[in-house]
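Trainee: In my numbering, the protein residues as written are 397 to 497.
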């Protein structure tokens, strides 16, 4: 119910497009928009216990494990950056992936 809290998730359904940086790029763009335009200051990701790739992805973006729900068999990871961390974390373009259809 906190207007400064956002929940975020991503799915790259096509296996051929996984592990190419698309999810990272999309998450950075969505988080930047949420932070700069919508006023979100914390982001939560709920990830199934058996989805280690997503846990690694969000951890690499600076999310930290906050809790685990036995009932839902999922991790909750949180990201609450200091204001001076936002630009560097979300706008780093060194790993951007070029789109080629």
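Even glycine gets a Cβ: it sits at the ideal position worked out from N, Cα and C.
Roughly how many angstroms lie between the CA atoms of residue 412 and residue 466, to the nearest whole one?
Mentor: Within the chain shown, residue 412 is the residue found at index 16, counting from 1. Within the chain shown, residue 466 is the residue found at index 70, counting from 1. Roughly 32 Å between the two C-alpha positions.
Trainee: Using a 10 Å radius around the Cβ and a threshold of 16 neighbouring Cβ atoms, would you call residue 444 buried or exposed?
Mentor: Position 48 of the chain shown, counted from the first residue, corresponds to residue 444. Label assigned to residue 444: exposed.
Trainee: Going by DSSP, what residue range makes up the alpha helix (DSSP H) through residue 419?
Mentor: Working through the chain shown from its first residue, we reach residue 419 at position 23. In the DSSP assignment, residue 419 falls within the alpha helix (DSSP H) that extends over 418 to 432.
Trainee: Go through its chain and collect everything with a Cβ distance to residue 430's Cβ below 6 Å, but skip five positions before and after it.
Mentor: Here residue 430 corresponds to residue number 34 of the chain shown, with the count starting at 1. Closer than 6 Å at Cβ, skipping near neighbours: 402, 436.
Trainee: Using C-beta distances below 8 Å, list every residue in its chain close to residue 497, excluding the 5 sequence neighbours before and after it, in chain order.
Mentor: Position 101 of the chain shown, counted from the start, is the residue given in the question as residue 497. Unreliable placement is indicated for residue 497, whose pLDDT of 43 sits below 50; no coordinate value is reported for it.
Trainee: Could you please give the first and the last residue of the uninterrupted alpha helix (DSSP H) stretch that includes residue 448?
Mentor: Along the chain shown, read from residue 1 onward, the residue named residue 448 stands at position 52. DSSP places residue 448 in the uninterrupted alpha helix (DSSP H) bounded by 448 to 456.
Trainee: Where residue 399 and residue 442 are concerned, what is the direct C-alpha to C-alpha distance, given to the nearest angstrom?
Mentor: Position 3 of the chain shown, counting from 1, holds the residue named residue 399. Position 46 of the chain shown, counting from 1, holds the residue named residue 442. Roughly 18 Å separates the two Cα atoms.
Trainee: Just tell me which of 419, 479, 450, 474 has its CA closest to the CA of residue 463.
Mentor: Here the question's residue 463 lines up with position 67 in the chain shown. Distance from the Cα of residue 463 is smallest, within the candidate group 419, 479, 450, 474, for 474.
Trainee: What residues match up with residue 404 in a beta bridge as DSSP calls it?
Mentor: Here the question's residue 404 lines up with position 8 in the chain shown. Residue 404 is not bridged to any residue.
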